[in-house]
Amino acid sequence: MALEPEIANLVNDFIATGRPSSRGQTFEERRAGYVASTALAGDIEKRVNIKDVIIDNISLRIVAPLNKDKMLPTIIYYHGGCFVSGGFSTHDNQLRQLSFLSGCRVIAVQYRLAPEHVYPAAHDDAEKRR
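In terms of my numbering, the sequence shown opens at residue -12 and continues consecutively.
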């Protein structure tokens, strides 16, 4: 199945930067590659407010469009990374763009990552915040 042109361009840019496939990588290599991929996220969206909070030992990032009413629709966001990589630093601009472009408040959960925290730690963190 063919990729949409914009996605194909993104994949080609990623390959052109010399990023290897994550198959066969250690989780440390995978995390480093994930951080490196943030260069593809584009210009940082600045038209948002960001607040980091900790509730019940779980870090949350709350992102909301500037100058918006306090009563906004809310999106709960669990970052990608196959439960071994990712977090606020790797998904910062995605959170910003999602909030600004949707006009919604976004609450991102920094769940615990494997292998340091075994299954079902990430699921427990997500369930705790529902």
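Cβ atoms here follow ideal geometry from the backbone N, Cα and C, with glycine treated the same way.
Note that the coordinates shown come from a computational prediction; the quantities given were computed from them, not determined experimentally.
Item to complete: Can you grab the Cα-Cα spacing for the pair residue 3 / residue 49, in whole Å?
Response: 34 Å
Discussion item. Within a Cβ cutoff of 6 Å, which residues of the same chain sit near residue 38, ignoring the five residues on either side of it in sequence?
Written reply: 49
Practice prompt. Have a look at the DSSP bridge pairing and note the partners of residue 63.
Written response: 94
Worksheet item: Going by the CB atoms, is the gap between residue 40 and residue 52 shorter than 9 Å?
Response: no
Worksheet item: Just checking my contact of residue 63 with residue 42 at CB under 8 Å: how many whole Å lie between their CB atoms?
Response: Actually they are not in contact, since the Cβ atoms of residue 63 and residue 42 sit about 13 Å apart, beyond 8 Å.
Worksheet item: When the distance is taken between beta carbons, is residue 22 closer than 9 Å to residue 89?
Response: no
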